Every structure is written in structure tokens, then in C-alpha cells.
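Q: Pasting in a structure now, in C-alpha cells, and then I'll have a few things to ask.
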Ligand SMILES: [Zn+2]
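Numbering (this note's numbering), first residue to last: 1 to 189.
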């Protein structure tokens, strides 16, 4: 079943602006997004082991970049940093998770999914309806991210990114064939 605009996928077809996390010096920057074909998207990210200013900056940039309308989730390797961090922007809530691990999933949802690194292409993809991820925040304090629907889809999509995997890799059957044709046309020819 496809549900239309409100439950659109990972980047969102329709979104909203929300709050911003400011760095201590008051600056943030929106970072360019790496696109399909960039090897950084195919490289499993390394665990974060330093909770320093560089990490705080990375988190600020991720949260700033994901806060733009139409964006729901962003992994660090999508802005060229191969570390296990992602940010989300779901229902006006912006946040991040460092060194995330999916602890549990439950149920199923099928809806269109898209990716900021593969702009303009959307395919229906079956995901778990509920997901719970644990990790830490930018200070190294334990954090839990848990939810249904779009948030659960976001967690699963971003975890794939951190493992060097893209959502189109999860497609099967005729949808996968169509996606491969679309990708070839768009990125190879
Ligand atoms: Zn993506």
C-alpha cells in the first residue's frame, strides 16, 4: 500500500522547516550531499571514539543540513564523513544518534522511499513498522531512538547508509529491475 505525501520516505516529498542546533561559536553550515556513485556511500563507516569539537561540528552540520524542508534523515557519509552518526528531522523533531545499533524491529510497512543521495527516484520498499535503536549522543551519553512509521523507516534507512548500503539495494523483483534501469539511465549513460 502506498500512502502518499505524508508518509513519503526518507527524504520527504513535502516537509517543514524546524529548529536548528547552533555551534558554540554560533555558526552552522549546510553541507553538500554526496550522490549515488560516490565511493564514500559504499564504505562502511567507522565507530566514533572521540567526543570532541570535531564531532560537535559534524552533528551541528548534519542537523542543519537535515533541517531543510523535504529532508527526514541524513547519515554522516552522505556529507563525506565516514563515521557512524546520523541526524533525523521527523515531525518537527530534529536530533542525532552516534554509534547507533538497531535493538529491535516489529511489524511491516510498505511505502515509497527515497534518498537525498539519489534525488528524484522513489520506490516502494517494505520496512519494519517499529524500530528501536540505541547509541549515544554527541557527548557520549546513552541515547535511545524509537518509533513507528516514518521514524522507524528513517532509522532503518540511515543504518543502511552507515553500513555502506543504499535503499535501492534492498529492493526486490520488478521494482528492483526498474530501479536499476532508472539508475543506469540517470548515472551511467
Ligand atoms: Zn539516504
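Just so it is clear, CB atoms sit at the ideal spot from N, CA and C, and this is done for glycine as well. Here the structure is a predicted model, which means the values were calculated and not measured.
Please report the straight-line C-alpha distance between residue 109 and residue 155, rounded to a whole angstrom.
A: Walking along the chain shown from the start, residue 109 turns up at place 109. Walking along the chain shown from the start, residue 155 turns up at place 155. Their Cα atoms are separated by approximately 13 Å.
Q: So which of 79, 125, 119, 65 has the shortest CA-CA distance to residue 162?
A: The residue labelled residue 162 in the question sits at position 162 within the chain shown. Residue 162 has its Cα closest to that of 79, out of 79, 125, 119, 65.
Q: Would you be able to state if there are at least three C-beta pairs under 8 Å between the stretch 141-159 and the stretch 173-182?
A: These segments do not touch.
Q: Does the separation of the CB atoms of residue 67 and residue 33 fall below 7 Å?
A: Position 67 of the chain shown, counting from 1, holds the residue named residue 67. Position 33 of the chain shown, counting from 1, holds the residue named residue 33. For residue 67 and residue 33, no; Cβs fall outside 7 Å.
Q: Taking 6 Å as the cut-off, is the beta-carbon of residue 115 closer than that to any non-hydrogen atom of ligand 1?
A: Counting from 1 along the chain shown, the entry for residue 115 is found at position 115. Yes, Cβ of residue 115 sits closer than 6 Å to a heavy atom of ligand 1.
Q: On the criterion of 16 or more Cβ atoms from any shown chain inside 10 Å, does residue 59 qualify as buried, or is it exposed?
A: Within the chain shown, residue 59 is the residue found at index 59, counting from 1. It is buried - the Cβ of residue 59 has at least 16 other Cβ atoms within 10 Å.
Q: Which first and last residues belong to the alpha helix (DSSP H) in which residue 153 is found?
A: Position 153 of the chain shown, counted from the start, is the residue given in the question as residue 153. 149-162 is the extent of the alpha helix (DSSP H) around residue 153.
Q: State the start and end residues of the unbroken alpha helix (DSSP H) segment that holds residue 64.
A: The count along the chain shown starts at 1 and reaches residue 64 at position 64. Residues 53-66.
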